[in-house]
Amino acid sequence: MEGVENASVSRFREYLRINTMQPSPNYDAALEFLSKQAAELGLDFRVLESGIKDRPLGLMTWKGTDPELKSVLLTSHMDVVPVFPQYWTYEPFSAHKDEKGNIYARGAQDMKCVTSWYLEAIRQLKAEGQQFLRTLHLLFTSDEEIGSHPAESFSKTEEFKNLNLEFGLDEGLANPGSKMRVFYGERSIWWIKVLCKGNPGHGLAFIENTAAKKLQYMMNKFLAMRDEQETKLKSDPNGKLGSVYTVNMTMLEGGVQPNVVPAELSATFDIRIPPTEDFEAFKEKLKQWCREAGPEVTMEFIQEGYMKETVDVTDKNPWWAAFKSACDKLNVDLELEIFPGGTDSRHFRKAGLNMIGFSPM
Numbered sequence: 001m002e003g004v005e006n007a008s009v010s011r012f013r014e015y016l017r018i019n020t021m022q023p024s025p026n027y028d029a030a031l032e033f034l035s036k037q038a039a040e041l042g043l044d045f046r047v048l049e050s051g052i053k054d055r056p057l058g059l060m061t062w063k064g065t066d067p068e069l070k071s072v073l074l075t076s077h078m079d080v081v082p083v084f085p086q087y088w089t090y091e092p093f094s095a096h097k098d099e100k101g102n103i104y105a106r107g108a109q110d111m112k113c114v115t116s117w118y119l120e121a122i123r124q125l126k127a128e129g130q131q132f133l134r135t136l137h138l139l140f141t142s143d144e145e146i147g148s149h150p151a152e153s154f155s156k157t158e159e160f161k162n163l164n165l166e167f168g169l170d171e172g173l174a175n176p177g178s179k180m181r182v183f184y185g186e187r188s189i190w191w192i193k194v195l196c197k198g199n200p201g202h203g204l205a206f207i208e209n210t211a212a213k214k215l216q217y218m219m220n221k222f223l224a225m226r227d228e229q230e231t232k233l234k235s236d237p238n239g240k241l242g243s244v245y246t247v248n249m250t251m252l253e254g255g256v257q258p259n260v261v262p263a264e265l266s267a268t269f270d271i272r273i274p275p276t277e278d279f280e281a282f283k284e285k286l287k288q289w290c291r292e293a294g295p296e297v298t299m300e301f302i303q304e305g306y307m308k309e310t311v312d313v314t315d316k317n318p319w320w321a322a323f324k325s326a327c328d329k330l331n332v333d334l335e336l337e338i339f340p341g342g343t344d345s346r347h348f349r350k351a352g353l354n355m356i357g358f359s360p361m
């Protein structure tokens with residue numbers, strides 16, 4: 001019943017009710033909620049400028065007894081992806097709880113639950129009178145769902161450097177099996193717009209050197225690569241999505257009217273590349289396809305990530321050894337993977353941190 005709901009669940013639902021949906025997330029309300037949580041926990045809280053207009057960050061700090069030691073980061077993003085309310089059983093920002101205790105809300109898994117775990121764990125540790133040697137920083141980021149640019153910008157600042165960080169936790173993914181997936185690296189994101197120009201003309205004739213013919217060649221190349229990678233994944237019983245490329249055409253643009261052959265057409269592709277791959281060789285392959293397709297075929301990079309950084313997940317890394325030891329004590333079996341998408345962690349790894357993606361759900 002609502003009247004006897006656990007206080008931690010009530011706080012979680014309160015956070016879920018804050019509409020931080022892209023493209024117009026209410027960060028002010030989210031930061032106000034987090035500031036209130038910090039006050040209840042007796043922790044310092046600051047709103048930071050990310051370097052990007054109207055895209056603030058929140059920083060909560062639990063000071064350690066030895067601030068000279070390297071500190072630990074717990075990071076989570078405040079924004080959530082858009083919703084289509086007509087497909088929802090309950091209003092997406094109502095945080096409705098049914099008679100079985102199921103909670104329905106956008107952001108419940110990605111990733112306000114993780115934020116709540118951080119806060120509730122600290123609340124319990126504080127109640128037990130715990131105090132740590134190392135300083136613990138909780139960072140609440142903006143715009144992770146549309147490129148993580150605020151986190152990227154902040155990771156390059158002197159203020160970030162002064163946090164003295166070396167290890168951190170960020171989001172993972174839900175775990176369908178008995179093992180908990182741990183992500184120690186990420187695929188790089190390339191968003192590529194292929195622009196093909198050719199001869200325009202009337203639709204009644206066989207126009208030579210058309211943009212459509214060139215685009216057809218490029219689409220065939222990209223989709224053949226997609227099929228190849230999909231087959232590679234499905235043929236390996238132990239294969240993981242993060243270990244292969246994914247290629248998807250996401251946009252098609254061009255044309256002026258039904259009976260006119262267009263002078264230009266474009267297609268946009270979303271490509272995810274494992275950190276083990278040779279980025280420059282792959283880029284050269286794409287350029288070669290453009291040359292083969294014909295004159296006036298070009299590529300524009302909307303996003304071009306080069307993320308080779310991964311965390312050492314052997315006992316040689318004391319941070320990993322400590323994390324794994326804690327999981328072993330709880331009899332939690334771990335499964336190591338490369339994260340198939342993109343998170344804020346990629347920017348923090350690039351800054352030198354041992355960042356682990358982990359969502360124990």
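Numbering-wise, UniProt numbering puts 56 at position 56 of the sequence shown, and it's gapless, one number per residue. The C-beta atom is built at its ideal place from N, Cα and C for all residues, glycine as well.
Item: Taking the straight line between their C-alpha atoms, what separation do you get for Asn248 and Phe269?; Value: 6 Å
Item: Within the continuous alpha helix (DSSP H) that includes Met361, where are the two ends?; Value: Counting along the chain, Met361 falls outside any alpha helix (DSSP H), and DSSP gives it neither H nor E.
Item: Run through DSSP, which three-state label would Phe132 get?; Value: coil
Item: Among the residues of its own chain, which have a CB less than 6 Å from the CB of Ser8, if the five just before and after it don't count?; Value: Glu120
Item: Which two residues bound the contiguous beta strand (DSSP E) that contains Glu304?; Value: 297–304
Item: Using CA atoms only, rank isn't needed, just tell me which of Phe301, Glu40, Glu309, Arg11 is closest to Ala127.; Value: Glu40
Item: Does Asp344 pass the burial test, meaning 16 or more other C-beta atoms within 10 Å, or should it be called exposed?; Value: buried
Item: Extract the residue ranges of the alpha helix (DSSP H) inside the region 304–340, only unbroken runs of 4 or more that lie entirely within it.; Value: 318–329
Item: Using a Cβ-based criterion (distance less than 8 Å to any ligand heavy atom), does Pro92 qualify as near the ligand COA?; Value: Ligands in the displayed structure: none, and consequently the ligand COA is not present.
Item: Would you list the one or two residues that DSSP bridges to Arg46?; Value: Leu59
Item: Would the beta-carbon of Lys308 fall within 9 Å of that of Phe279?; Value: yes
Item: When the Cα atoms are used, what is the spatial distance from Gly185 to Lys350?; Value: 11 Å
Item: Could you check where the beta strand (DSSP E) with Trp190 kicks off and where it finishes?; Value: 188–197
Item: Does Tyr184 come out as helix, strand or coil in the three-state DSSP assignment?; Value: strand
Item: What span of residues does the beta strand (DSSP E) with Asn354 cover, start to end?; Value: 354–357
Item: Along the chain, where does the alpha helix (DSSP H) containing Met218 start, and where does it finish?; Value: 211–234
Item: Going by beta carbon distance, what residues of the same chain come within less than 6 Å of Phe93, once the five residues before and after it are set aside?; Value: Arg17, Asn19
Item: Comparing alpha-carbon positions, which option in Met218, Val311, Pro262 lies nearest Lys285?; Value: Met218
Item: Only counting the same chain, and skipping five residues up and downstream in sequence, which positions put a Cβ closer than 8 Å to that of Glu277?; Value: Tyr245
Item: In the DSSP assignment, find the unbroken beta strand (DSSP E) run with Ala267 in it and report its ends.; Value: 264–273
Item: Quick check on Tyr104: does DSSP put it in helix, strand or coil?; Value: strand
Item: Determine the DSSP secondary structure at Asp54, reduced to helix, strand or coil.; Value: coil
Item: For Ile356 versus Phe167, is the C-beta spacing smaller than 9 Å?; Value: yes
Item: With DSSP as the reference, label Leu165 as helix, strand or coil.; Value: strand
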